[in-house]
Amino acid sequence: MGYEFIDHTADVAADLTGRTVEELFTSAAQALTDTITHLDAVRPLVTQSVTLESGALADLLVDWLNELLYRFEVQNMLVSDATVTIASAADRWHLGGTLAGEPFDPARHPSRVLVKSATYHGLSVTREHGTWRARIVFDI
């Protein structure tokens, strides 16, 4: 599964897929990194734990991507892979897991686009015929 960039007039948009919701969120992380630099240049040298909670699954996806952007902006962390567990309980969605990646190195990670945030514009998260699908737009 994975992601595919789609045409968008002013920003960067991606369609995401996954066999599980966890795979969908991993695809989202990889699409974000591939927007910032070349994903295949990012090695899984450093791991970090992550926990998030939101009231809706779509909100959790936006929060997830904005958390990864925060880590990029503050710690220069680029994510090459993620292992997450996502569950809902008491009208809340919970994400816990581990990020794998490395610090941004301009000599190895050519800049593509500066992403400001993941947005709610055109946001969708659905499950169709056993496949999770989402559309996300990155504000650039």
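Quick note: the sequence shown, position 123, residue 1054 per the working numbering, numbers continuous. From the three backbone atoms N, C-alpha and C, an ideal C-beta is built for every residue, glycine too. The structure displayed is predicted, hence computed values, not measured ones.
Whether or not the region 1042-1050 and the region 964-973 are in contact is what I'm after, with contact meaning three or more pairs of Cβ atoms, one per stretch, closer than 8 Å; do they touch?
In short, these stretches touch, since the Cβ pair count reaches three.
Note down, in chain order, each residue of its chain lying with its Cβ closer than 6 Å to the Cβ of Glu984, except the 5 sequence neighbours on either side.
For Glu984, where only same-chain residues beyond five positions count, the Cβ hits under 6 Å are Arg1023 and His1025.
Nearest-angstrom Cα distance between Arg1002 and Gly1061?
32 Å
Only counting the same chain, and skipping five residues up and downstream in sequence, which positions put a Cβ closer than 6 Å to that of Phe936?
Ala945
DSSP three-state assignment for Phe1035, whether helix, strand or coil
coil
DSSP state of Ala1073, grouped into three classes?
As displayed, the chain neither begins before 932 nor continues past 1071, which places residue 1073 out of reach and without an answer.
Residue range of the unbroken beta strand (DSSP E) whose run includes Arg1058:
Ser1055 to Glu1059
Could you round the C-beta distance between Tyr1051 and Val993 to whole angstroms and report it? I think they count as a contact, below 8 Å.
6 Å
Measuring CB atoms only, is the region 1011-1022 touching the region 955-963, in the sense that at least three cross pairs come out at less than 8 Å?
With a cut-off of 8 Å, the region 955-963 and the region 1011-1022 count as touching, because enough Cβ pairs lie within range.
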